[in-house]
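Taking it in order: structure first as structure tokens, then the write-up.
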Amino acid sequence: MQSIATNQTFDSTEIDVDALTRRLLADGYAIAPALLDPESIDRLCAELDPHFRAASFGRGMFYGAETKRFGAVLKRSREAQDIVMHPAVMRVVESAIGAWCQCLQLNLTQAIEIHPGAPVQAPHRDQDMWAGPKGAMQYMVNVMWALDDFTGENGATRLWPKSHIGDPEEMLPDEDAVSAVMPRGSALFFLGSTLHSGGANRSATPRRGLIMSYCLGWLKPWENQWLAYPPHIARSFPEELAALVGYRQHLPSLGNYEGQCPSVLLTGDQAPDHLPFTDALKDEQYDLMRQYYDGLAAREQEAAR
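Residue numbers (numbering that gives the first Met the number 0): 0 to 304.
Structure representation (structure tokens):
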């Protein structure tokens with residue numbers, strides 16, 4: 000198993016978002032080493048530690064009987080709320096996939112602990128959850144945060160370079176994979192179209208990671224964000240975070256509540272039973288309606304002469 004070469008990483012003190020995005024789109028992945036400062040990663044790990052202890056091992060061939068997982072991380076960790084909105088991360092994600100949607104949304108948050116003896120996970124592409132055509136656009140960007148040092152021995156994420164290019168269903172040889180070796184606090188970015196898998200843990204200790212995934216705002220997210228963060232939870236979120244988890248409309252009017260932006264559910268104790276349906280359209284749709292009504296008025300004036 001190869002390790003990712005050092006020229007595919009970026010200095011955390013001066014993150015070049017454009018360079019990282021170019022690398023992500025060219026190779027299907029890129030690493031920003033030690034992107035979180037030690038204090039932030041310590042606070043995050045302290046908040047998540049009791050949930051890792053309480054989490055259950057997985058069931059089935061994919062999730063694995065030697066791996067623990069839990070979701071809804073933003074209600075379990077205050078530090079995670081800041082990390083999911085990390086400015087450099089958001090700029091990379093927006094640069095990589097923002098052209099295909101009016102706004103982004105959170106696809107999932109998931110904490111993962113791979114225990115000693117866990118076998119290698121089967122390779123897969125996360126975009127396969129959606130039935131749309133593949134290859135013409137990117138649907139998502141994943142960001143794997145290293146809560147421990149990721150090594151070739153303890154189950155570092157495996158990736159197949161440039162596997163986002165070409166046949167979106169092709170399985171590639173194991174020997175072509177690279178291992179995302181990176182220090183604690185680093186961020187591994189990879190596309191939903193990139194073939195990847197969890198590595199085998201041949202060490203004596205568990206390996207922890209936290210994945211935060213972002214997708215196009217008009218897709219159905221993998222994790223049901225409105226059940227993970229119902230209004231009584233989301234009311235405590237900053238406005239931008241509440242919007243990211245789904246309390247906003249994707250124009251035109253997608254994801255509305257009673258014809259309004261679902262953020263109305265975050266104001267006051269309870270929204271009224273009936274609300275006035277309010278336009279939330281794209282500029283070009285407003286322009287088409289204006290043209291139609293202008294033409295209609297012109298025809299009516301002509302007919303009245």
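Note that CB positions come from ideal geometry on N, CA and C, so glycine has one too.
Expected contact under 8 Å - CB spacing of residue i and residue j to nearest Å
i, j, result
"S384", "A241", "Here the chain comprises residues numbered 0 to 304, so residue 384 is not present and cannot be evaluated."
"A54", "K67", "4 Å"
"N255", "A233", "That pair is no contact at about 16 Å."
"V91", "L19", "6 Å"
"G27", "Q120", "About 17 Å separates the two Cβ atoms, so there is no contact after all."
"R206", "F149", "7 Å"
"A29", "R22", "4 Å"
"L43", "I82", "7 Å"
"P96", "M139", "The identity of residue 96 in the sequence shown is Ile, whereas the question assumes Pro. Going by Cβ atoms, the distance from I96 to M139 rounds to 7 Å, so yes, they are a contact pair."
"A305", "S185", "The requested residue 305 does not occur in the structure, where the chain is confined to residues 0 to 304."
"R124", "P172", "Not quite, the Cβ-Cβ distance comes to about 16 Å (not below 8 Å), so this is no contact."
Beta-carbon proximity check, residue i vs residue j, cutoff 8 Å
i, j, result
"G208", "Q101", "no"
"A179", "L146", "no"
"P230", "L107", "no"
"Q201", "E152", "Reading off the sequence shown, one finds Arg at residue 201, where the question assumed Gln. Yes, Cβ-Cβ distance for R201 and E152 is below 8 Å."
"L47", "S94", "no"
"Q126", "G191", "yes"
"M84", "E239", "yes"
"F56", "A64", "yes"
"E257", "L243", "no"
"A199", "G154", "yes"
"I14", "I111", "no"
Endpoints, the alpha helix (DSSP H) within which residue i is located
i, result
"Q300", "D282 to A303"
"F69", "Not the alpha helix (DSSP H): F69 falls in the beta strand (DSSP E), residues T66 to G70."
"R21", "V16 to D26"
"R207", "No alpha helix (DSSP H) holds R207; the beta strand (DSSP E) holding it covers R206 to L215."
"I164", "It is not in any alpha helix (DSSP H) - I164 carries neither H nor E in the DSSP assignment."
"V83", "R77 to V83"
"Q224", "Q224 to A227"
"M89", "P86 to I96"
"L218", "Taken as a continuous stretch (DSSP letters only), L218 belongs to no alpha helix (DSSP H), as it is neither H nor E."
"A117", "Looking at the DSSP string, A117 is not in any alpha helix (DSSP H), and its letter there is neither H nor E."
"Y35", "Just to set this straight, residue 35 is Leu in the shown sequence, not Tyr. No alpha helix (DSSP H) holds L35; DSSP gives it neither H nor E."
"P230", "P230 to A233"
Proximity test, residue i beta-carbon vs the ligand MN heavy atom, cut-off 7 Å
i, result
"G57", "The model on display carries no ligand, and the ligand MN is accordingly not part of it."
Option in the options with minimal Cα separation from residue i
i, options, result
"Q137", "C214, A64, F61 and R206", "C214"
"L187", "T156, D166 and E283", "T156"
"E38", "E78, M128, L23 and A135", "E78"
"G134", "A110, E301, S162 and G154", "S162"
"C260", "A98, L295, G245 and G267", "G245"
"D268", "R298, E257 and S235", "S235"
"E169", "F189, L194 and S185", "L194"
"E174", "W225, P122, V16 and A130", "P122"
"D17", "P160, M89, Q80 and Q290", "M89"
"L218", "E299, A130, P49 and F61", "A130"
"Q80", "I164, P132, F189 and I40", "I40"
"L265", "I164, Y228, P132 and R304", "Y228"
Terminal residues of the beta strand (DSSP E) in which residue i lies
i, result
"L240", "That residue, L240, is in no beta strand (DSSP E); its alpha helix (DSSP H) goes E238 to L243."
"L103", "L103 to I113"
"F188", "A186 to L190"
"A145", "M139 to A145"
Closer than 8 Å to chain D by CB, residue i
i, result
"A110", "Judged by its chain identifiers, the structure shown contains no chain D, having just a single protein chain."
- Query: Would you call the region 96-110 and the region 240-256 touching, i.e. three or more CB-CB distances under 8 Å?
  - Reply: yes
- Are three or more beta carbon pairs between the region 171-187 and the region 128-145 nearer than 8 Å? yes
- Does the region 70-90 touch the region 114-133, meaning 3 or more C-beta pairs lie closer than 8 Å? no
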